[in-house]
Amino acid sequence: MAICPVCDQRFPAVGYAEMADHFIGQSAASESGHVSWLNRNISRNAMDTGKLSSSLERFYKMHNGIGDWIISDFVRRFRGDVPHPFISAMQRYDPGTLRGYVVEHHHFLKQWIRSCSYVMAKTDVEEVQSYEIENIMTELHGYGEDSPSHHELLLRMGESLGIDRSYVLAEKPLRQTAEAIAVWNNLAASGSWISTMAAMHSLELIANRDLSRHGAKYPYFSPDLLTSASVPVEVKNFLREGYDADLSHSYTALKLVEKYATSSDYEEIQYAYLRSAGAFDTYLEARLERGILLGNKQ
Numbered sequence: 236m237a238i239c240p241v242c243d244q245r246f247p248a249v250g251y252a253e254m255a256d257h258f259i260g261q262s263a264a265s266e267s268g269h270v271s272w273l274n275r276n277i278s279r280n281a282m283d284t285g286k287l288s289s290s291l292e293r294f295y296k297m298h299n300g301i302g303d304w305i306i307s308d309f310v311r312r313f314r315g316d317v318p319h320p321f322i323s324a325m326q327r328y329d330p331g332t333l334r335g336y337v338v339e340h341h342h343f344l345k346q347w348i349r350s351c352s353y354v355m356a357k358t359d360v361e362e363v364q365s366y367e368i369e370n371i372m373t374e375l376h377g378y379g380e381d382s383p384s385h386h387e388l389l390l391r392m393g394e395s396l397g398i399d400r401s402y403v404l405a406e407k408p409l410r411q412t413a414e415a416i417a418v419w420n421n422l423a424a425s426g427s428w429i430s431t432m433a434a435m436h437s438l439e440l441i442a443n444r445d446l447s448r449h450g451a452k453y454p455y456f457s458p459d460l461l462t463s464a465s466v467p468v469e470v471k472n473f474l475r476e477g478y479d480a481d482l483s484h485s486y487t488a489l490k491l492v493e494k495y496a497t498s499s500d501y502e503e504i505q506y507a508y509l510r511s512a513g514a515f516d517t518y519l520e521a522r523l524e525r526g527i528l529l530g531n532k533q
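In the numbering used here, the protein residues as written are 236 to 533.
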């Protein structure tokens, strides 16, 4: 059963002809979400049902498993020849971009914990539960003064850039972040544990420094930020934590997905990943917008 990655409509027929007709109809009606998805993922050129169906089949085809399919698509979207604008901004030290990162990422991390909790609640697989418990501890609680949480490191980075933590904790998310959070919460609440795990932990690929062997053309941020004397130590500590952790975290999660997924799970996993990646795209844009707004207030 194919599932539209834009509006969630399900197509029970085998193959992608019904989905192709759906996209063609939505494009004819100038529905922006469907048009944008086709432009970004398939082609900007108009196609008939047969050609679009074949293109969709090629897009969804897994040559080396679900994990490899997710990694390849993620690299193309965010760190390929044309990187996401946030990735471009992170290739140099820009305090404004980092301030926006702090405020919006606080809200992302709160939803991250909810999503991890849904995974634990919906499975009896102990190694998956243990993995998510470790994630929650690392992201929100930490392991004492010598190993503060990712969230605490985020707040410290903000303080080093002139943003009080009380502001970060009280400020509401921008619209794009709020909409992305709604997508992630709905995926976790309504989907299976394995599709939720794939949808959320695939996002950790953004900071995975090993992705160059999968075709990534840009790092998450310039490594020079970790050694530059002009960058506050709190910024370095936050960036280094993700730089070190996400290398193993993202791969481990995808290996667990591959280990426990059956063929009947693949279409839901692909759907959940695509919805999550689309939400992540707009959320990263919110980081940039927040940075601009904070700059205008100074």
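A virtual CB, placed ideally from N, CA and C, is assigned to each residue, including glycine.
Using the rule of at least 16 other Cβ atoms within 10 Å of the residue's Cβ for burial, across every protein chain shown, is residue i buried or exposed?
{"i": "Ala255", "result": "buried"}
{"i": "Met236", "result": "exposed"}
{"i": "Thr332", "result": "buried"}
{"i": "Asn443", "result": "buried"}
{"i": "Pro240", "result": "buried"}
{"i": "Arg510", "result": "buried"}
{"i": "Thr462", "result": "exposed"}
{"i": "Asp381", "result": "exposed"}
{"i": "Glu439", "result": "buried"}
{"i": "Glu374", "result": "buried"}
{"i": "Val249", "result": "exposed"}
{"i": "His319", "result": "buried"}
{"i": "Ala433", "result": "buried"}
{"i": "Val492", "result": "buried"}
{"i": "Arg279", "result": "exposed"}
{"i": "Gly379", "result": "exposed"}
{"i": "Tyr455", "result": "buried"}
{"i": "Lys402", "result": "Contrary to the premise, residue 402 reads as Tyr rather than Lys in this sequence. Exposed, because fewer than 16 other Cβ atoms sit within 10 Å of the Cβ of Tyr402."}
{"i": "Ala324", "result": "buried"}
{"i": "Val317", "result": "exposed"}
{"i": "Gly393", "result": "buried"}
In its own chain, which residues sit with a C-beta less than 6 Å from the C-beta of residue i, not counting the 5 before and 5 after it?
{"i": "Ala405", "result": "none"}
{"i": "Ile371", "result": "Ile348 and Cys351"}
{"i": "Thr358", "result": "Trp428"}
{"i": "Met435", "result": "Ser350"}
{"i": "Pro330", "result": "Leu396"}
For residue i, I'd like the list of residues in its chain whose CB is within less than 7 Å of its CB, leaving aside the five on either flank, ordered along the chain.
{"i": "Arg314", "result": "Ile322, Leu446, Ala451, Lys452 and Tyr453"}
{"i": "Leu538", "result": "This structure cannot settle anything about residue 538, because the visible part of the chain is limited to 236 through 533."}
{"i": "Tyr478", "result": "Ala442 and Arg444"}
{"i": "Val360", "result": "Tyr495"}
{"i": "Gln244", "result": "His257"}
{"i": "His555", "result": "Because the chain in this structure spans residues 236 to 533, residue 555 falls outside the shown range and cannot be described."}
{"i": "Gly535", "result": "As shown, the chain starts at 236 and ends at 533. That puts residue 535 outside it, with no answer to give."}
What residues match up with residue i in a beta bridge as DSSP calls it?
{"i": "Ala496", "result": "Its beta-bridge partners do not exist; DSSP assigns none."}
{"i": "Ile238", "result": "Arg245"}
For a quick check, are the C-beta atoms of residue i and residue j less than 9 Å apart?
{"i": "Ser352", "j": "Asn420", "result": "no"}
{"i": "Ile429", "j": "Gln346", "result": "no"}
{"i": "Leu388", "j": "Ala507", "result": "no"}
{"i": "Phe473", "j": "Arg400", "result": "no"}
{"i": "Met251", "j": "Glu292", "result": "For the sequence presented, residue 251 should be read as Tyr rather than Met. In contact: Tyr251 and Glu292 (Cβ atoms closer than 9 Å)."}
{"i": "Val468", "j": "Ser395", "result": "yes"}
{"i": "Gly488", "j": "Val418", "result": "This sequence places Ala at residue 488; Gly is not what is there. It is not a contact, given that the beta carbons lie outside the stated cut-off."}
{"i": "Ala512", "j": "Ser437", "result": "yes"}
{"i": "Tyr518", "j": "Thr412", "result": "yes"}
{"i": "Ser465", "j": "Gln326", "result": "no"}
{"i": "His449", "j": "Ser307", "result": "yes"}
{"i": "Leu287", "j": "Phe258", "result": "yes"}
{"i": "Met355", "j": "Glu367", "result": "yes"}
{"i": "Glu503", "j": "Ile238", "result": "yes"}
{"i": "Gln505", "j": "Trp304", "result": "yes"}
Using a Cβ-Cβ cut-off of 8 Å (strictly less than) and excluding sequence neighbours within five positions of residue i, which residues of its own chain qualify?
{"i": "Ala424", "result": "Tyr353"}
{"i": "Tyr501", "result": "Met297 and Ile301"}
{"i": "Leu344", "result": "Glu374, Leu375, His385, His386 and Leu389"}
{"i": "Gly335", "result": "Ala521, Arg522, Leu523, Glu524, Arg525, Gly526, Ile527, Leu528 and Leu529"}
{"i": "Val363", "result": "Val354, Met355, Trp428, Met432, Leu491 and Tyr495"}
{"i": "Glu476", "result": "His385 and Leu388"}
{"i": "Phe294", "result": "Asn276 and Ile277"}
{"i": "Ser267", "result": "none"}
{"i": "Ile398", "result": "Arg334, Val337, Val338 and Leu529"}
Compare the C-beta of residue i against all C-beta atoms of chain D and say whether one is closer than 9 Å.
{"i": "Ser395", "result": "Among the protein chains of the structure shown there is no chain D, as only one such chain exists."}
Residue ranges of each beta strand (DSSP E) within the stretch 347 to 404, 3 or longer: none
Within the stretch 448 to 487, note down every full alpha helix (DSSP H) run reaching 4 residues or more, in order along the chain. none
Jot down the residue ranges of each uninterrupted alpha helix (DSSP H) in the stretch 298 to 338, minimum 4 residues, whole runs only, in chain order. 301 to 313 and 320 to 324
Which residue spans inside the stretch 397 to 443 form an unbroken alpha helix (DSSP H) run of at least 4? 400 to 405, 410 to 425 and 428 to 436
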